[in-house]
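Some notes on the structure that comes next.
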Amino acid sequence: MPDETKPPASSPPEAEPKPTADKTVPLGGVKATTSGSVQSEAKSGEPGGVPLPGTPPTPDPGLAPPPTSPPLKAGSAPAAAGTPTAAAGTPAAKPAAPAKPAAPVPTAWNSPMVAKLKAQFGSGMEALTYLGQNYMTVDRSLIPEILQVLHNDEQFDYCVDVTAGHYPQREKKEFDVIWILYSYARNERIRVKTQIGDGESIPSSVPIWPAANWLEREVYDMFGIKFDGHPDMKRILLPEGWKGHPLRKDYGILQQDNEWVQINLGIESGQ
Amino acid sequence: MAADPTNHMEPVATPFFFYLLGGLMLIGGVLVITRKNPVHSALALIVTLLAQASIYLMLYAPFVAGVQIILYAGGIMVLFLFVIMLVSIERSQRERQFNKQWVVGMVAATALGGLFIAVYTKGRGIFPEHALPAVEAQNTQNVGTLLYGQYMFAFEIASLLLLVAIIGAVVMAKKRI
Amino acid sequence: MLDYIKSYLTSNLTPGSAGNMFWAFVYIVVIFLGLSVAVIAMNWLERKILAHMQVRLGPMRVGPHGLLQPIADAIKLLLKEDIMPAEADGFVFWMAPIFVVLAAFTVFIVVPFGPTHAVTDMNIGVLFMLGVSSLSALGIVMAGWASNSHYPLIGALRSSAQMVSYEIAMGMAVISAVMMTSLNQQGTGTLSMIGIVQAQQAQGIWFIFKFFPLGLIAFFIFAVAMVAETNRAPFDLPEAESELTAGFHTEYSGFRWSLFFLAEYSAMIAVSSIAVTLWLGGWLRPFPNLLTGAKWDLFFFLFPGITFLFLAGMCFYSTVRMPKHPLFRIQTIGLAGFGVVLGLIGLILFIPAVRERVQDIYWFSMKVAAFMYLYIWYRGTFPRYRFDQLMKVGWKILLPMGLGVLILTAGVGLWPLIQQTIWNR
Amino acid sequence: MTEPTSSLSHLDVEEREKPFLDANELVINMGPQHPATHGVLRVILRLDGEKVLGLECVIGYLHRGVEKIAENRTYAMFNPYVDRMDYVAAVSNGLGYCEAVEKLLGVEAPPRAQHVRVILTELNRLTSHQLWLGTHALDIGAITPLFYTFRDREEILKIFEKYCGARLTTHAFRIGGLQYETYDGFEKDVKNFLTFVAPKIDEYEELLTTNRIWVERTKGVGILSGQDCIALGVTGPVLRASGVKWDLRKAQPYANYKNFDFEIPVGQNGDTYDRYLVRMAEMRQSLRIIQQAVDALPEGPIMAKVPKVMKPPVGEVYHSIEAPKGELGYFIVSDGSTQPYRLRVRPPSFVNLQALDKMCRGQLVADVIAVIGTLDIVLGEVDR
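In structure tokens form, the structure reads like this:
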């Protein structure tokens, strides 16, 4: 299956930036490229100003995203509009902004596997491709099953990484949990994403891939996302008893658990 | 030359060394049973054994002394310590050190004391008046000749016993052979 | 009194055997000092040789070519804080290094540096050496236990198990050598260290070559076992740095640690002395029976002096090559002075009266030094055995080999007798 | 937030585990200060005598929050930080990061830059393997290879220093290409180095490959089957030693590795000895790649056109390379601003270290040392 080495034909923007690369226009000015779903976000470099995944046509991006808009943050790429299923949608967006470094756009990812999964899981999942990298966003409720299917039936036997992202702007579903999977047999890499809210837990994938053990612990350590059924759900990089989860956006870069530092290190502050 | 059997070093300050080593042995022996810490007991036992080896040396029995050092002090005591070290010292220190069998102990001690006194007072008849001419240089050879000559049978019995003990130890230690 | 002192000089016995207390004491002091110097020199040599094996220079700063490094180290160790862990068993912790050092030094009273150059000649010399050197296992066990810490304890367990195991194979090899001493007309063997060398002289062969290859195999067994016995690479598990930090002496520091160090090196010298005595002809010069005659005697007599002159020459060569810079002036002078001293010693060793007395010690030391070099070489070359492999080598390879060699030696040695008996019947 | 409300002191792991400890078990705490744990790894060993019943790794002593730092630095500013993760293979880290950002930006480094990148990365792979070999052998008790490898590693570091001024944390690459043109004589230096180091690798092998003790210490130790490797996510030479012929340079070529001819050395048994052989073979393959790259070094620009202020379009990308230790991946989420919204590093050492428990169970303490060595972990990368 194609991956970044062999970009699928359905991702035309590969060569797109080149002719316009000489323009050093800040890429933030992407508004103009959008055709339908205008986004009014994120020109500032401040991380908090992340684009809300919610685009106007999709009021509730977290849950079962309608196919018109890729639900996740990446889905908020400017030119996300267009016909959702056809790759032709992207080229349609192109002419709108010839002067800008048109960013590549996630497009639908069609493959037999996706069709099969779609048939099995229905609207709970969506498969997209961006920069030649395939990923699928799935509903939280599908999580153990779809991973199980990917592992058992689709030969994604290698769990490259489990990680998460924090999007405090999203109302209910603050967190993305991302599995990066690889199949040795198919030489193919995909990402599986889902969204969960703060305080929610998610089924662990350790029974499927033992490799996820520490990776999930790290996600818990850094984001506070609990994995149900994990054999040893505790902090891994930070000491046990540390308060706070540092990779959350509301955790400042200079912030520390001063109490822990004082008790355990015997100093006033680690800074 | 060295093999000359008649020429050996004259003993120097024999009584002094005898009493010194005897005292060391006694002190060591007492410490063995009075120390609460088994490792200390074992160390005291080593002192006793070494002092004993030295007394063998004074008696022109170097082979026995060497064997004493190699086997007892160097081998057996190392294994003793080996075992003791693995035992929890705290637990062993809480246990009672002496059992309460005073009567048996007293009887045994009295009997032994009586035997010593008897030997001391009437022993002159049992033992020769003077020590046998000590032939240090021939000591080892003599031991060997006796062991493999006169006492061959006893020696072989002892070795058989040891062999049985070794096999038994292996059987007990190995869960499956 | 003076007569008492002088009377020994004409004797052909060791001071202990002759019963001369004064000379025995002198020998003890000389051996003690010589051993300390040897350990210091060994320390420097090991670091230098190992360094050159590993494409680096080794100590270069303290003194010319780091010659004073061991002394600086000794001073540092003596001045260091002596730390005792709070939970340690104070008395045993204190005793252990002393015990180890005592065991390591005591064995030297029977080491024969020459036919008369030993403190005493014991009838059970070899037995005594093996026995007393095995006592150092006790000291190591004490150290490991008294530290009240996991790493030293495991180190001590390893070391005691290792020493006890290898002693057996070692004993087999030693017995086969001792057996060879009895293969003469009288049929009287000896355990005396001096007697063993004299037996080799009388039989006209080093025992390493006797009953080829039996003597060689026995020697090989001993050479392996002695490395294990002294806890050196590749059998240095008790102090395996990468596993147990420093093994049984992890908790020791300063002077106490240096005692362990001293004991380790003197134990190495001691077991090498046993090997030299038993198989390599002790103090005998090469070919004592083959290359006889005044000319050959003179040739071999000249060796000690030539060796020292060679060392002096190396010093002068290095002096010439020293950087010509005021900062190095003192070092250059020191090196030249050292060379002069060595040269003077070399010249003194050419005096006939001296060279005849010294040559036994020289040959003995040279053979021991070769073993010391082997030790360093091993350390530079071999990885470390794992514990079960170490035990396997000890019990499953060396011990059966030793038993086999023992039986074969007895058989081959008694073959003429057996033949005779059968013939006569 | 669900916080563990237990005691603050995290150090009493023994205390926590007491219920299932019986009297025959000895709990040994190896590290974080231990000569053979390659930094600040702490391994809590449960032993029966010298046999390992199980172990637990305690990591995080070197945790610096690299991913958090990334969110607060611009793309270019974060570039030097990646060098501090796997500090013995800093160039590889930089390559992965730069390529990931380039992918996000949609630029591609010019051919000359790609070639130089390959040369430096492969040189870096050599330094990493050499350092691994020296320390691994040292752990097993052979002290000499350490000095041999460090001597030869020095030559590579000299090239690095001449090229970019730094020896260890090189920061050699920039997003879009290279900052510096190669210095005069770079090609000659590299070629000289190649002729210099090839016999040296034979020298290492002479010391170890047929050394009986080395073979006994490493054969059959820490066996990891190919299935286990895949299940545990283990990558790099460890995976290849288990018989899985997978190398990202071949499977999904990045930079311009597809232009070079090299082989993937594969082991069979998945034990420590095979891992050793695989790494030794990899060093030779690296030499091959460097030779080809330096022979065909094209002329041309070294920097693609990259905006001064990098604002990659909104989107996310995962890019991974074959670092000396395994698959090193960067997952970057851009929100269109100058700083990554989220940057995730997929560290090979971290994932590989998970396999330690599996590899050590039933082995002896001495094997734990060998296995830690053979996994070739760098704590800077494990903890980040």
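Those protein sequences? They're chains R, A, U and F, same order as listed.
The first sequence begins at 1 in my numbering and counts up by one.
The second sequence begins at 1 in my numbering and counts up by one.
The third sequence begins at 1 in my numbering and counts up by one.
The fourth sequence begins at 1 in my numbering and counts up by one.
Just so you know, even glycine gets a beta-carbon here, dropped at the ideal spot from N, CA and C.
Residue i at chain F interface by Cβ criterion, 8 Å
{"i": "U:Phe382", "result": "yes"}
{"i": "R:Gly197", "result": "no"}
{"i": "U:Val55", "result": "yes"}
{"i": "R:Leu150", "result": "no"}
{"i": "R:Pro144", "result": "no"}
{"i": "U:Ala223", "result": "no"}
Amino acids of chain F, ordered along the chain, whose beta-carbon sits closer than 8 Å to that of residue i
{"i": "R:Trp209", "result": "Ala231, Gly233"}
Under 9 Å from the C-beta of residue i: neighbouring residues of chain R
{"i": "F:Ile59", "result": "Trp214, Ile236, Leu237"}
{"i": "F:Gly96", "result": "Under the 9 Å cutoff, chain R gives no residues; its nearest Cβ is about 13 Å from F:Gly96."}
Proximity below 8 Å, CB of residue i to CB of residue j
{"i": "U:Gly426", "j": "U:Pro64", "result": "A question about residue 426 of chain U goes unanswered here, because the residues of chain U that appear run from 1 up to 425."}
{"i": "F:Pro253", "j": "F:Gln285", "result": "no"}
{"i": "U:Val178", "j": "U:Gly189", "result": "yes"}
{"i": "R:Ser204", "j": "R:Phe227", "result": "yes"}
{"i": "U:Leu349", "j": "U:Pro304", "result": "yes"}
{"i": "U:Phe20", "j": "A:Pro62", "result": "Strictly speaking, residue 20 of chain U in this sequence is Asn, with Phe absent from that position. The answer is no: Cβ separation not under 8 Å."}
{"i": "U:Tyr166", "j": "U:Glu229", "result": "yes"}
{"i": "R:Leu147", "j": "R:Ile208", "result": "yes"}
{"i": "U:Val55", "j": "F:Arg151", "result": "yes"}
{"i": "U:Ser136", "j": "U:Val164", "result": "no"}
{"i": "U:Ser192", "j": "U:Asp121", "result": "yes"}
{"i": "U:Gly155", "j": "U:Pro238", "result": "yes"}
{"i": "A:Ala73", "j": "A:Ile46", "result": "yes"}
Interface partners of residue i on chain A, CB under 8 Å
{"i": "U:Val141", "result": "Val78, Leu81, Phe82, Met85"}
Integer-rounded CB distance, given that residue j should sit under 8 Å from residue i
{"i": "F:Ile69", "j": "F:Val382", "result": "Contact flag wrong, Cβ pair sits at about 17 Å."}
{"i": "U:Phe398", "j": "U:Ala225", "result": "Residue 398 of chain U is actually Leu in this sequence, not Phe. Going by Cβ atoms, the distance from U:Leu398 to U:Ala225 rounds to 6 Å, so yes, they are a contact pair."}
{"i": "U:Thr250", "j": "U:Thr116", "result": "Contact doesn't hold; Cβ gap of about 43 Å is too wide."}
{"i": "F:Ile332", "j": "F:Pro324", "result": "The pair is not a contact, with the Cβ atoms about 22 Å apart (cut-off 8 Å)."}
{"i": "F:Ile119", "j": "F:Val234", "result": "Their Cβ separation, rounded to whole angstroms, is 28 Å, which puts F:Ile119 and F:Val234 out of contact at 8 Å."}
is_contact[residue i, chain A] using C-beta, thresh 8 Å
{"i": "U:Tyr23", "result": "The residue you asked about is not Tyr; residue 23 of chain U is Trp in the sequence shown. Closer than 8 Å: no."}
{"i": "U:Ile124", "result": "yes"}
{"i": "U:Trp283", "result": "no"}
Contact with chain U by residue i, beta-carbon distance below 8 Å
{"i": "F:Tyr273", "result": "no"}
{"i": "F:Gly141", "result": "yes"}
{"i": "F:Trp132", "result": "no"}
{"i": "F:Glu56", "result": "no"}
{"i": "F:Thr144", "result": "yes"}
Proximity test, Cβ basis, 8 Å: residue i and chain R
{"i": "F:Asp383", "result": "yes"}
{"i": "F:Tyr87", "result": "no"}
{"i": "F:Ala109", "result": "no"}
{"i": "F:Gln179", "result": "no"}
Chain U contact residues for residue i, given Cβ-Cβ distances below 7 Å
{"i": "F:Leu364", "result": "Arg386, Phe387, Asp388"}
{"i": "A:Val32", "result": "By Cβ distance, chain U contributes nothing, its closest Cβ being about 15 Å from A:Val32, past 7 Å."}
Interface partners of residue i on chain F, CB under 9 Å
{"i": "U:His150", "result": "Leu26, Val27, Ile28, Asn29"}
Neighbouring residues, chain U, relative to residue i (Cβ below 8 Å)
{"i": "F:Tyr276", "result": "Within chain U, no residue comes near F:Tyr276; the closest Cβ sits about 11 Å away, beyond 8 Å."}
{"i": "F:Thr127", "result": "Chain U residues near F:Thr127: none, gap ~17 Å exceeds 8 Å."}
Chain-ordered neighbours of residue i on chain R, where CB pairs are closer than 8 Å
{"i": "F:Glu122", "result": "Residues of chain R passing the Cβ test: none, with the nearest at roughly 20 Å."}
**Message:** What are the residues in the stretch 383 to 396 of chain U lying within 8 Å of chain F by C-beta distance?
**Reply:** With the criterion set as a beta carbon lying under 8 Å from some beta carbon of chain F, the members of the stretch 383 to 396 of chain U are Pro383, Arg384, Tyr385, Arg386, Phe387, Asp388, Gln389, in sequence order.
**Request:** Check distances from the C-beta atoms of the stretch 117 to 136 of chain R to those of chain F and list, in chain order, the residues that come in under 7 Å.
**Result:** Tyr130, Leu131, Gln133
**Request:** Give, in chain order, every residue of the stretch 186 to 209 of chain F whose Cβ lies closer than 8 Å to some Cβ of chain U.
**Result:** Along the stretch 186 to 209 of chain F, going in chain order, the ones with a CB nearer than 8 Å to a CB of chain U are Leu207, Leu208.
**Asked** Going along the chain, which residues of the stretch 165 to 180 of chain R sit with their C-beta nearer than 9 Å to a C-beta in chain F?
**Response** Gly165, His166, Tyr167, Asp176, Ile178, Ile180
**Item:** Interface residues of the stretch 139 to 172 of chain A facing chain U [CB-CB below 7 Å]
**Value:** Asn139, Thr140, Gln141
**Item:** Interfacial residues, the stretch 160 to 188 of chain U to chain A, with Cβ spacing under 7 Å
**Value:** Ser160, Val164, Thr188
**Prompt:** Closer than 8 Å, Cβ to any Cβ of chain A: which residues of the stretch 190 to 202 of chain U, in chain order?
**Reply:** Thr190, Leu191, Ser192, Ile194, Gly195, Gln198
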